[in-house]
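Under the UniProt record's numbering, the first residue of the sequence shown carries the number 1, and numbering increases by one thereafter.
Every residue, glycine too, gets a C-beta built ideally from N, C-alpha and C.
Being a predicted model, the structure only gives us computed values, none of them experimental.
Everything below concerns the one structure shown next.
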Amino acid sequence: MGIREIEIFRAVMTSGSMSKAAVLLGVSQPAVSQAIRKLETAAAVSLFARTRGRLEPTSAASALMSDVDRFFAGYEYIEHRIRSLRSYGLGRLTVAINPAFGLGFISRAIAAFEADKRGVQVSLQVMNTHEVHETVSAGKVEFGLMAAGLSMAGLEHSPFAHLRAVVVMRDGHPLARRRTVTPKDLERQPFIALNSADPTRISLENQFGESGVFLKPLVETPNSHTVCELALAGVGVGVSHPLVAADYMDRGLTIRPLSVDVVLNSVIAFRAGAPLSEHAKGVIRQMRVQLAQESSALAAKMAA
Numbered sequence: 001m002g003i004r005e006i007e008i009f010r011a012v013m014t015s016g017s018m019s020k021a022a023v024l025l026g027v028s029q030p031a032v033s034q035a036i037r038k039l040e041t042a043a044a045v046s047l048f049a050r051t052r053g054r055l056e057p058t059s060a061a062s063a064l065m066s067d068v069d070r071f072f073a074g075y076e077y078i079e080h081r082i083r084s085l086r087s088y089g090l091g092r093l094t095v096a097i098n099p100a101f102g103l104g105f106i107s108r109a110i111a112a113f114e115a116d117k118r119g120v121q122v123s124l125q126v127m128n129t130h131e132v133h134e135t136v137s138a139g140k141v142e143f144g145l146m147a148a149g150l151s152m153a154g155l156e157h158s159p160f161a162h163l164r165a166v167v168v169m170r171d172g173h174p175l176a177r178r179r180t181v182t183p184k185d186l187e188r189q190p191f192i193a194l195n196s197a198d199p200t201r202i203s204l205e206n207q208f209g210e211s212g213v214f215l216k217p218l219v220e221t222p223n224s225h226t227v228c229e230l231a232l233a234g235v236g237v238g239v240s241h242p243l244v245a246a247d248y249m250d251r252g253l254t255i256r257p258l259s260v261d262v263v264l265n266s267v268i269a270f271r272a273g274a275p276l277s278e279h280a281k282g283v284i285r286q287m288r289v290q291l292a293q294e295s296s297a298l299a300a301k302m303a304a
């Protein structure tokens, strides 16, 4: 059994017949039939049933197909990577990043990096923390930035940010007059929450529970950007990542600190045994500079 037989099996499964698979692959139908028989013999299972002239995949074929799809996804990525290396050499960087840092923050960091290192092609993938973790673990990107808390088995990692969540509301909201917002202050407010499985939401509910406060969200959303947009629209108040919220201050959003600590930790991760390229190191250095600058600027605005 070789890759060619697996490729023919996949073509039969996706096209629905041996004749269509033969056309798709540019081979004869007997060659397709022979490859399927060879695969069935090697696997010692029947992969297709012939019923009334139609080819029906067996349960074994369906189970095998899920593994075949994963195999070809990896194979196609390797082909894509080879084409990229041919086109760009080593002047290409792939990064996965979670939404909190994946819009304004990373855009500014990459702009500063490109100003110094023009010509480096960056492939930026914005996805949730679990997807970042999976993508980094699979070796599909050079490094990822994600929320801390997941297993780092098989990965090298280093701390990136240690920040405190903030309360966000539209300018002119009654709570904007307070220097600090307490759990009790939020108890009777229309509340915009992150999704229930979000680590920030879990930490928030634990902290508020200790104060005897149990929030009933009016709206739930998966990321801080939407929390800020909803608060800006006057839907209610919410708790957000501070650097996300900072991008909305000039549009009419007020930020206030929470009286309890809801900490947002994030890490940079890459595969063990896969040293970072100089371009990756350069982007990470710029990200750390950007983090220090934006954290200081936000602290100054909130203290004003």
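What separation, rounded to the nearest whole angstrom, lies between the Cα atoms of residue i and residue j?
| i | j | result |
| --- | --- | --- |
| Met152 | Leu55 | 45 angstroms |
| Ala49 | Leu155 | 44 angstroms |
| His241 | Val68 | 40 angstroms |
| Leu175 | Ile192 | 15 angstroms |
| Gly144 | Thr200 | 19 angstroms |
| Thr135 | Gln290 | 24 angstroms |
| Pro217 | Ala197 | 14 angstroms |
| Ala231 | Arg271 | 38 angstroms |
| Phe101 | Gln34 | 53 angstroms |
| Thr51 | Ala11 | 19 angstroms |
| Ser17 | Ile8 | 11 angstroms |
| Ala96 | Thr41 | 42 angstroms |
| Ser19 | Asn128 | 42 angstroms |
| Ala299 | Ala73 | 45 angstroms |
| Val126 | Ala111 | 17 angstroms |
Within 10 Å of its beta-carbon, does residue i have 16 or more other beta-carbons around it, so buried, or fewer, so exposed?
| i | result |
| --- | --- |
| Phe214 | exposed |
| Val167 | buried |
| Gly2 | exposed |
| Asn98 | buried |
| Val227 | buried |
| Val263 | exposed |
| Asn206 | exposed |
| Ser224 | buried |
| Lys140 | buried |
| Arg164 | exposed |
| Ala21 | buried |
Specify, as a first and last residue, the run of the beta strand (DSSP E) that residue i falls within.
| i | result |
| --- | --- |
| Gly238 | 237-240 |
| Leu163 | 155-164 |
| Val95 | 92-97 |
| Arg52 | Where Arg52 is concerned, there is no enclosing beta strand (DSSP E), given that its DSSP letter is neither H nor E. |
| Met249 | Unbroken run through Met249: none, as it is neither H nor E. |
Between which two residues does the alpha helix (DSSP H) holding residue i run?
| i | result |
| --- | --- |
| Gly282 | 278-303 |
| Gln207 | 199-210 |
| Thr129 | 129-137 |
| Glu40 | 29-43 |
With H, G and I counted as helix, E and B as strand and the rest as coil, what does DSSP make of residue i?
| i | result |
| --- | --- |
| Phe270 | strand |
| Glu229 | helix |
| Thr180 | coil |
| Met169 | strand |
| Met13 | helix |
| Pro257 | strand |
| Phe72 | helix |
| Gly2 | coil |
| Met18 | helix |
Keeping to the same chain, check which residues put their C-beta closer than 7 angstroms to that of residue i; ignore five residues upstream and five downstream.
| i | result |
| --- | --- |
| Asp247 | Gly104 |
| Val267 | Met146, Ala148, His157, Ser158, Pro159, Phe160 |
| Tyr88 | Reliability fails at Tyr88, whose pLDDT of 47 lies under 50, so the model's placement of it is uncertain and the value that follows must be treated cautiously. The residues are Gln121. |
| Met13 | Pro57, Ala61, Met65 |
Tell me which same chain residues have a C-beta within less than 8 angstroms of the C-beta of residue i, skipping the five on either side of it?
| i | result |
| --- | --- |
| Ile6 | Leu39, Val68, Phe71 |
| Ser46 | Glu40, Thr58, Ala60 |
Grab me the residues of residue i's own chain with a C-beta within less than 6 angstroms of its C-beta, minus the 5 sequence neighbours each way, in chain order.
| i | result |
| --- | --- |
| Ala269 | Val136, Gly144, Leu155, His157 |
Is any beta-carbon of chain E found at less than 8 angstroms from that of residue i?
| i | result |
| --- | --- |
| Ala111 | The chain inventory of the structure shown lacks chain E, comprising one protein chain alone. |
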